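FYI, the numbering for the sequence shown is 1261 to 1641, going by my numbering.
We treat Cβ as the ideally placed atom computed from N, Cα and C, and that holds for glycine.
For clarity, every value in this text was computed on a predicted model and none was experimentally measured.
Below is one structure, written out as structure tokens, with a few remarks after it.
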Amino acid sequence: MTDAVTDAVIIGGGPVGLFMASLLLQRGLQVTVLEQRTGPEPHSRAIGIHPPALEALRQVGVDQELVRRGVPIRRGIALNCGTRLAEMSFARVSERFPFVLSLPQGRTEAVLEKRLQELDPDALRRGVRVDGLHDDGRQVTVQACRGGRAVSFAAPLVIAADGVRSAARAALGVPLRRRDYPDRYLMGDFVDGTGLGPDAALFLASGGIVESFPLPGKLRRWVVRLGPAAAGSAADAAWLAREVRRRTGVDVDPGSNSMLSGFGVRSRLARRMVAGRCILIGDAAHEISPIGGQGMSLGWLDALALAPLVPALVAGTRTGLPAFERHRMRQAARAARQSEINMALGRPLREGPLAARNSVLAAAAAVPAVNSFVARRFTMQ
Ligand SMILES: Cc1cc2nc3c(=O)[nH]c(=O)nc-3n(C[C@H](O)[C@H](O)[C@H](O)COP(=O)(O)OP(=O)(O)OC[C@H]3O[C@@H](n4cnc5c(N)ncnc54)[C@H](O)[C@@H]3O)c2cc1C
1261 MTDAVTDAVI IGGGPVGLFM ASLLLQRGLQ VTVLEQRTGP EPHSRAIGIH PPALEALRQV
1321 GVDQELVRRG VPIRRGIALN CGTRLAEMSF ARVSERFPFV LSLPQGRTEA VLEKRLQELD
1381 PDALRRGVRV DGLHDDGRQV TVQACRGGRA VSFAAPLVIA ADGVRSAARA ALGVPLRRRD
1441 YPDRYLMGDF VDGTGLGPDA ALFLASGGIV ESFPLPGKLR RWVVRLGPAA AGSAADAAWL
1501 AREVRRRTGV DVDPGSNSML SGFGVRSRLA RRMVAGRCIL IGDAAHEISP IGGQGMSLGW
1561 LDALALAPLV PALVAGTRTG LPAFERHRMR QAARAARQSE INMALGRPLR EGPLAARNSV
1621 LAAAAAVPAV NSFVARRFTM Q
């Protein structure tokens, strides 16, 4: 038996799907969110929420709760061997949110899920794995599996926010532009004994960059670019703490580690976001490098741009859709380029070129116009 959904089925109850659903419910539409996980995602991924994303989240009334739970990062500093090379303030990037908010993704998702429950307690269906789509031109039938049983849903519009391995994208046959990068990183959360307070710090060391971000609960996330030897080995919390000490001179207590995760980098940009009555948003449409932390914010901005078009799309009118697709694909390509620049900055350099690169960086950052341009680009504006 097929469940008929009046307006839209959203595939994926990650940060982007949850936000999309709340935006549509606030517009008075009926939506169903299909999420394969039966509980919250346990793995830590995004922490950085950029000002344009906070403005977007304000539309569903969760911005203040997120700000209360997170740590506003108002400044980034670049260091090498204990010397401060440059400083970047976010004071002028936004009137309402002059900071990048640091909050672990799981907590952000919990706030979004609570908001969705307030708007419609039945909208989110957990434990439903989508495995196929059929678009007959009038409506889309979504085939799925719940508790080992086949189920299906039909709606005039399907929005796929099912992440990097999107089953919807595969079913629609949307091709990807692929890039793989050699960079690998190890990140870990530790008790913060640095005295850096709420500042973010980039240590531009010859062995490769070390990034450090404040987290709620007096914790700090350390992200270390791995060399080829470490990339192949099983690095643990003690190894990460030693490497932080070697490259930055900062002591981190390995016994206080509460999360450890390694990740590689690739980008996947869908060549289309729209296929018939199905629309891809978030990581399903664009996976970009986590370095620079833009993926989740980019997905929320897709949702924000799509929401006003949905009532007409449900009614069968596609006005505004080509412009939406062009604009969002351009933004994704721009974010991918920005993350490539961020990664290039963190690659290992020998002492001579490193000193030259760092002096150019310090000189450029001392020019107020350059500094504020970089701050705006870094915060997705
Ligand atoms: C290490 C790391 C650090 C990062 N740091 C940042 C950062 O600081 N800032 C930032 O903006 N971004 C960051 N990102 C990127 C960010 O995590 C993603 O961009 C974000 O999770 C994308 O959200 P989404 O909702 O599109 O996809 P996802 O978060 O992947 O959610 C997709 C959802 O769909 C569900 N799903 C998948 N397939 C199906 C199916 N067939 N049926 C039903 N449900 C399905 C999944 O269970 C999941 O809940 C980071 C990523 C990594 C890996």
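By the three-class DSSP mapping on this structure, what secondary structure does residue i have?
i, result
"PRO1458", "coil"
"HIS1546", "strand"
"ALA1268", "strand"
"GLN1403", "strand"
"ASP1443", "strand"
"ASP1452", "coil"
"ASN1517", "coil"
"PHE1279", "helix"
"VAL1360", "strand"
"ARG1344", "strand"
"LEU1289", "coil"
"VAL1627", "coil"
"SER1527", "strand"
"THR1577", "coil"
Quick one: Cα of residue i to Cα of residue j, how far?
i, j, result
"LEU1285", "LEU1294", "15 Å"
"ARG1425", "ALA1544", "7 Å"
"PRO1582", "ILE1539", "11 Å"
"LYS1478", "VAL1400", "47 Å"
"LEU1462", "ARG1409", "50 Å"
"GLY1522", "ARG1305", "11 Å"
"ALA1625", "ALA1465", "18 Å"
"LEU1644", "GLU1585", "This structure does not reach residue 1644, given that the chain is present from 1261 up to 1641, and the question cannot be answered."
"MET1280", "GLY1453", "38 Å"
"GLU1378", "ARG1507", "47 Å"
"GLU1369", "GLU1611", "43 Å"
"GLY1448", "GLY1487", "17 Å"
"LEU1317", "VAL1411", "32 Å"
"GLN1319", "ALA1615", "45 Å"
"PRO1332", "SER1516", "23 Å"
When you compare each of the options to residue i by their alpha carbons, which one comes out closest?
i, options, result
"THR1579", "HIS1587, ARG1610, LEU1569 and GLN1377", "LEU1569"
"ASP1459", "PHE1523, LEU1361, ARG1594 and THR1262", "LEU1361"
"SER1632", "ARG1335, GLU1369, MET1533 and ARG1437", "ARG1335"
"MET1603", "MET1519, GLY1553, ALA1421 and LEU1384", "GLY1553"
"HIS1587", "ALA1635, PRO1358, ILE1541 and TYR1441", "ILE1541"
"ALA1313", "ARG1385, ASN1340 and SER1354", "SER1354"
"GLN1290", "VAL1418, MET1589 and ALA1498", "VAL1418"
Going by other Cβ atoms of all chains shown within 10 Å of its Cβ, with 16 needed for buried, is residue i buried or exposed?
i, result
"GLN1641", "exposed"
"ASP1267", "buried"
"ASP1382", "exposed"
"ALA1592", "buried"
"GLN1365", "buried"
"ILE1271", "buried"
"THR1292", "buried"
Using a threshold of 8 Å, state whether the C-beta atoms of residue i and residue j are closer than that.
i, j, result
"ILE1307", "ARG1481", "yes"
"LEU1345", "ALA1338", "yes"
"GLY1536", "ASP1380", "no"
"VAL1512", "PHE1450", "yes"
"ALA1428", "LEU1393", "yes"
"GLY1606", "ILE1469", "yes"
"VAL1525", "ASP1443", "yes"
"VAL1402", "VAL1269", "yes"
"VAL1371", "LEU1326", "yes"
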